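Please read the structure below before turning to the comments.
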Amino acid sequence: MDPCVVIIGAGPAGLMAAEALAEAGQRVEIFDAMPSAGRKFLLAGVGGLNLTHGEPFDAFVGRYGARAAVLKPLLREFGADALRAWAAGLGIATFVGSSGRVFPTDMKAAPLLRAWLHRLRALGVRLHMRHRWLGWDEAGALRFDTPQGEIAMEARATVLALGGASWPRLGSDGAWWPWLQARGVELAPLRPSNCGFDVGWSERFRSRHAGEPLKSVAISFEGLRQVGECIVTDGGIEGSLVYATSAALRECIARDGAATFELDLLPHRSLEWVTRELAHPRGPRSLSTHLKTRLHLSGVKAGLLWERVPKDVQADPARFAATIKALPIRVSAPRPIAEAISSAGGVRFEALDDGLMLHALPGVFCAGEMLDWEAPTGGYLLTACFATGRASGLGAVRWLAGSGAGAWHTPRPS
Ligand SMILES: Cc1cc2nc3c(=O)[nH]c(=O)nc-3n(C[C@H](O)[C@H](O)[C@H](O)COP(=O)(O)OP(=O)(O)OC[C@H]3O[C@@H](n4cnc5c(N)ncnc54)[C@H](O)[C@@H]3O)c2cc1C
């Protein structure tokens, strides 16, 4: 029986690890619980696949916050430029959008994934879908639940690329967490990242405005200010602008029980302008009409003001203007991780060596979103998944070269 390396997880991180190993001449078998590969990657392509970001390297690395230092060498090795070149090698041209975000020219994930799987198969990589990893048995073999029943197998090396715990119906459900913990791996709890938050709107506001976008507003929280869009939901608020501050909001809620950010409803107008327009005599017109004609505030933006601003403040142009420029929104809890775009937490970098091998489990490597880093949306998530996937694959290649790792044990996968 041929010696073999096992990759568990056929998302971007696992496929990248497989490519690095197969290119180095290793026999690679990929296992995934789902019926087909890259389900979350394909979903990411639905709204336009934001592959990476075109900003300068230092700014790019800074997006990983507290994990910037550990990810820097990996991103230097395989960052935005390398990723674009790699995609081009698959026949997928990319472009930098006006925001600096990088997309495939057709915006889709499916053609890239198709070409990539084709190339992996040509390298001899075999995929085994509907194989759910169940942890290790007492002898240390990998356990899989398969359509033919449970099997156990040993591998020359294993790469775990199991994702986090967001959108579990696409495959990554975080079930691995207790299994690694039981093996002595240092882990951080999985938490929602790039997520929405509960606000607790009044019934009147919720029924009128849930689902409406707040376009061109600015969010301010703990020194960060960003202009963009978010969406009012049934129970709260979500969207790219909220995601940008979600890590800080989540940590504040964990610490203080709630967090309050400020929304600037007219980010391109000065406080002086807003005050002057509000103070303009309105005659017999209602305040609502005044807001609409002088400040172009209507719909959900005006609804927010009726919902949140007391009557005495509405009657005072200076105070009302200051509130329009910095409307406090109190959030009480992040939305559940299953609804989040990504997860924070997972395998701590202290648990890994430079090749992303677990100190506690020699020969077992980890990659992708299951590692303890987080980043905002903008292509940073996929870039780090690709970079850590590649680093884990190359780490396994180096370890196999030096380890004299044993051969594949029976039974073979289906
Ligand atoms: C709606 C949405 C849109 C997104 N858009 C973007 C975007 O535009 N740009 C961007 O950078 N990022 C985006 N992301 C995030 C990005 O898709 C993820 O960060 C990325 O897919 C994570 O890659 P991964 O390989 O680590 O894990 P995953 O892609 O989650 O893959 C993990 C794989 O492991 C398998 N698995 C898990 N447990 C087991 C088990 N026990 N046994 C066998 N198999 C198992 C799963 O089935 C899955 O196939 C988006 C995410 C969502 C939810």
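Using this note's numbering, the first residue of the sequence shown is number 266, and each one after it goes up by one. Don't be surprised by glycine CBs; every beta carbon is placed ideally from N, CA and C. As the structure is a prediction and not an experimental result, all values here were calculated from the model.
Comparing alpha-carbon positions, the option among A430, L314 and P412 lying closest to G611 turns out to be A430. L536 sits in a helix when the DSSP states are folded into three classes. According to the DSSP secondary-structure assignment, E415 is paired through a beta bridge with D410. With a cutoff of 8 Å, T642 counts as near ligand 1, since its C-beta is closer than that to a heavy atom of the ligand. Short of 6 Å from the beta carbon of A509, and not among the five residues preceding or following it, lie these beta carbons of its own chain, in chain order: Q491 and P641. Of the residues T359, A334 and L336, the one whose Cα lies closest to the Cα of D346 is T359. Between the alpha carbons of L560 and K590 lies a distance of about 12 Å.
A334 counts as exposed, since fewer than 16 other C-beta atoms from the protein chains shown sit within 10 angstroms of its C-beta. Relative to ligand 1, the nearest heavy atom lies less than 8 Å away from the CB of V311. Rounded to the nearest angstrom, the gap between the Cα atoms of G276 and L506 is 26 Å. Taking C-beta atoms as the reference points, I295 and L392 count as a pair closer than 9 Å. Beta-bridge partners assigned by DSSP to V574: none are found.
Contiguous beta strand (DSSP E) elements confined to the region 476-500 occur at 478-486 and 489-497, taking only those with 3 or more residues. If you look at R397, you'll find it in the beta strand (DSSP E) that goes R397 to W401. Per DSSP, the continuous beta strand (DSSP E) segment holding V629 begins and ends at V629 to C631. Take G405, set aside five residues on each side of it, and the residues of its chain with a beta-carbon closer than 8 Å to its own are E419, in chain order. Taken in chain order, the complete alpha helix (DSSP H) segments of 4 or more residues contained in the region 620-662 number zero; there are none. Remark: the C-beta of P549 is outside contact range of ligand 1, defined as less than 8 Å to any heavy atom. Taking the Cα positions, E468 is about 12 Å away from G501. Relative to Y329, the option among W442, A283 and A512 whose CA is nearest is A512. F368 carries a strand assignment under DSSP once its states are collapsed to helix, strand and coil. In this structure, the straight-line span from the alpha carbon of R379 to that of T498 is close to 35 Å. If you draw a straight line from the Cα of L377 to the Cα of W571, it comes to about 47 Å. For R584, the uninterrupted alpha helix (DSSP H) segment begins and ends at P582 to K590. Rounded to the nearest angstrom, the Cβ distance from V596 to F409 is 41 Å, too far for a contact under 8 Å. H474: member of the alpha helix (DSSP H) spanning E468 to H474, first to last residue. Residue pairing for E294: DSSP places it in a beta bridge opposite V271 and R391.
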